[in-house]
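Heads up: the structure comes next, in structure tokens.
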Amino acid sequence: MKKTQCKGIAGLLLVSLAILTLLFLLPGGSPISAHEELKDGYFTIKDIKTEKTIMQTGIVVRKGDRFLDHDNHFYEVTKIDGQVAFARLVEVVDLTSKAREFEKAMAAEWKARAETGAAKMAQGSPRMVIATYHTHSDESYIPTDGAASIEPRGGIYRVGATLTSTLERYGVNVHHSYAIHLPHDGAAYERSRRTAVQLLKSNPDALFDIHRDAAPLEQYVTTIGGVPGARVMIVVGRENPNMSANEQFAWAIKSVADREFPGLIRGIFYGAGGYNQDLSPRALLFEVGSQENSRYAAERSVAALTNALPRLLYGITGPPPAGRTPAARREQAGRAARESSRALVGVFWIVVSLLVIGATYLFINEGSWAGVKKRLSKLLKLEFLHLIGVNMLSRHGREKRDMTSQGRGQSETQGKNHAPDDTRNRG
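Residue numbers (the working numbering): 2 to 428.
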């Protein structure tokens, strides 16, 4: 092959590589990202035989994705037509037996921990640890937050704080990351992976990525203790080596939640991609409500779900002790700091607005910035002289009043001294 041809092929390869690199770096992520979400609308999954709607979600659905519904019917997507996916029923899963398998595995793990637990506790290592973070930092709830997306941190962080405070009442140490992973795109999971890796250094028993879905309200609306709540969907990445372990963990959570809070879990979605769940055998993604739920409903639901986790992971069956937790105190302090910051920003913009209005008024009257400068200089001089004049007049007035008072006092004293002599003369 000629030298010029080799150079041409090499150049073509470099250009292709550069284009691919740009595609990956551009906002919106890679065109082949497995973690895409719809910008508008949602996917609808239907039973391929009955065409009954199984579920709706803002996550992009692909052929091969699966869904375990609230009644434990297990479906697999076989056909995609636009934003409608068709799935076939594979089986009805016995979650009770699946949860029992997980509980046995956890019991064996805790038995092994007990043998070395004394040494770990002596070194100050916490016994119960759970880590949480938020890949999509802007996710919010329209009815309470005012928008579906708020940057840099949306209402989803408040939902995460509720999860933290609930777990801490059981004595669980929670590492809740407030790291930001914007923009909200398919590549966000690559950015949040660094956060997940950092959190795993604390050796948590579970790692949760907290989200909210983008779907119609009826897909997530429910009640918790007679008040509005938001249903939760668990997401498992079906393209990671820990998929079986993550799946077993998700089954166990749903089984416990179904017994204690029926209807809270809407199902388990198996999506294309890994969702960073290859990092841990107990890593899951929670979609807590949709953008149409209130954040308060989402907080109630995540608190209910979190109440089921200590029993599953640690065998804790009693109610949590009452009282404010460290997370609640941190949240209150953070809220106060944010409110103070907003107040200062508001005052700043009021001052700026007044200055702009004043400058505009002077410019209109003077006709030029030179005239404005001259006018301001003159005003400053007059105000300075006026201030000095007022002080001098005030001082002069005080001195004059003091002299008058002193003279009046002397006259009265003299009058009193002469009075007895006058009396004697009259006598």
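For each residue, glycine too, the CB sits at the ideal point set by N, CA and C.
Starting from Tyr297 and walking both ways along the alpha helix (DSSP H), at which residues does that stretch end?
Per DSSP, Tyr297 belongs to the alpha helix (DSSP H) from Arg296 to Tyr315.
Nearest neighbour of Val91, chosen from Thr97, Ile358, Thr79 and Glu102 [CA to CA]
Answer by Cα proximity: Thr79.
Per DSSP, Ala132 forms a beta bridge with which residues?
When DSSP reads this structure, Ala132 sits in a beta bridge with His176 and Leu208.
Thinking C-beta only, is Arg154 closer than 8 Å to Tyr179?
Yes.
For Ala273, the nearest candidate out of Leu96, Gln249 and Asn241 (CA to CA):
Distance check between Ala273 and each of Leu96, Gln249 and Asn241 places Asn241 closest, using alpha-carbon atoms only.
Within 10 angstroms of its Cβ, does Val198 collect 16 or more other Cβ (buried), or is it exposed?
Residue environment: Val198 is assigned as exposed (fewer than 16 neighbouring CB atoms within 10 Å of its CB, all protein chains considered).
Put Phe250 into one of helix, strand or coil per three-state DSSP.
Phe250 falls in the helix class under three-state DSSP.
Endpoints, the beta strand (DSSP E) within which Pro229 is located:
Unbroken beta strand (DSSP E) run through Pro229: Val228 to Ala231.
My guess is that Glu219 and Val237 are in contact by the Cβ rule of under 8 Å, so how many angstroms apart are they, rounded?
Their Cβ separation, rounded to whole angstroms, is 24 Å, which puts Glu219 and Val237 out of contact at 8 Å.
Report the rounded CA-to-CA distance for Met122 versus Ser256, giving the unit in angstroms.
Only weak support exists for where Met122 lies, its pLDDT of 47 falling under 50; the coordinates are left without a value.
Ser291 - DSSP class collapsed to helix/strand/coil:
Residue state for Ser291 is assigned as strand, using DSSP reduced to three classes.
If we count the other Cβ atoms within 10 Å of its Cβ and call it buried at 16 or more, is Trp252 buried or exposed?
The residue is buried, with at least 16 neighbouring Cβ atoms inside 10 Å.
Go to Arg267, then tell me how far its beta strand (DSSP E) extends in each direction, as first and last residue.
Counting along the chain, the beta strand (DSSP E) containing Arg267 begins and ends at Ile266 to Gly272.
Rounded separation between Arg232 and Ala149 - CA only:
Rounded to whole angstroms, Arg232 to Ala149 spans 17 Å at the Cα level.
Between which two residues does the beta strand (DSSP E) carrying Lys55 extend?
It is Ile, not Lys, that sits at residue 55 in the sequence shown. Thr54 to Thr58 is the span of the beta strand (DSSP E), which, as asked, contains Ile55.
Find the nearest neighbour of Ala108 within the set Leu313, Ser369 and Val160, judged by alpha-carbon distance.
Of the listed residues, the one whose Cα sits closest to Ala108 is Leu313.
With DSSP as the reference, label Tyr76 as helix, strand or coil.
Three-state result, Tyr76: strand.
State the Cα-Cα distance for the pair Asn277 and Phe87, rounded to the nearest angstrom.
The straight-line gap separating the alpha-carbon atoms of Asn277 and Phe87 is approximately 27 Å.
Measure the Cβ-Cβ separation of Glu300 and Val160 and say whether it is below 8 Å.
In contact: Glu300 and Val160 (Cβ atoms closer than 8 Å).
Coil, strand or helix - Gly372 by DSSP:
It is helical.
Which partner residues does Met429 have in the DSSP bridge list?
Here the chain has residues from 2 to 428 only, and residue 429 is not among them.
Coil, strand or helix - Arg63 by DSSP:
Three-state DSSP puts Arg63 in coil, outside helix and strand.
Taking just the CA atoms, how far does Gly172 sit from Gly318?
Note on residue identity: the sequence assigns Thr, not Gly, to residue 318. Just so you know, the alpha carbons of Thr318 and Gly172 end up roughly 13 Å apart.
Go through its chain and collect everything with a Cβ distance to Ile254's Cβ below 8 Å, but skip five positions before and after it.
Once the five neighbours on either side are set aside, the close Cβ partners of Ile254 are Ile235, Ile266, Leu285, Leu306, Ala309, Leu310 and Leu313.
When you compare the CB positions of Tyr43 and Ala215, do they come within less than 8 Å of one another, or not?
A Cβ-Cβ contact shorter than 8 Å links Tyr43 with Ala215.
What's the gap between the Cα of Lys112 and the Cα of Lys99?
Taking the straight line joining both Cα atoms gives about 20 Å.
Do you know how far the Cα of Gly147 is from the Cα of Asp259?
Take the alpha-carbon of Asp259 and the one of Gly147: they are about 32 Å apart.
Can you tell me which of the three DSSP states Asp95 falls into?
For Asp95, the three-state secondary structure derived from DSSP is coil.
Just list the residues that DSSP pairs Val222 with in beta bridges.
Looking at the DSSP assignment, Val222 forms a beta bridge with Ala231.
Does the distance from the CB of Arg89 to the CB of Glu102 come in under 8 Å?
Not in contact: Arg89 and Glu102 (Cβ atoms no closer than 8 Å).
Taking the DSSP output, what are the residues bridged to Leu69?
Answer is Phe75 and Ile269.
For Asp210, which of Glu110, Ser281, Thr145 and Gln57 has the nearest alpha-carbon?
When only C-alpha atoms are compared, the closest one is Ser281.
Does DSSP put Ser245 in a helix, a strand or coil?
In the structure shown, Ser245 falls within a helical segment according to DSSP collapsed to helix, strand and coil.
Output the distance between the C-alpha atoms of Tyr134 and Gly290, rounded to the nearest integer angstrom.
Spanning the alpha carbons of Tyr134 and Gly290 requires a straight line of approximately 17 Å.
Anyone know if the C-beta pair for Arg296 and Gly156 falls short of 8 Å?
Gly156 sits close to Arg296, with the two beta carbons spaced by under 8 Å.
Hey, could you find the ends of the beta strand (DSSP E) Ile46 is sitting in?
Phe44 to Asp48 is the span of the beta strand (DSSP E), which, as asked, contains Ile46.
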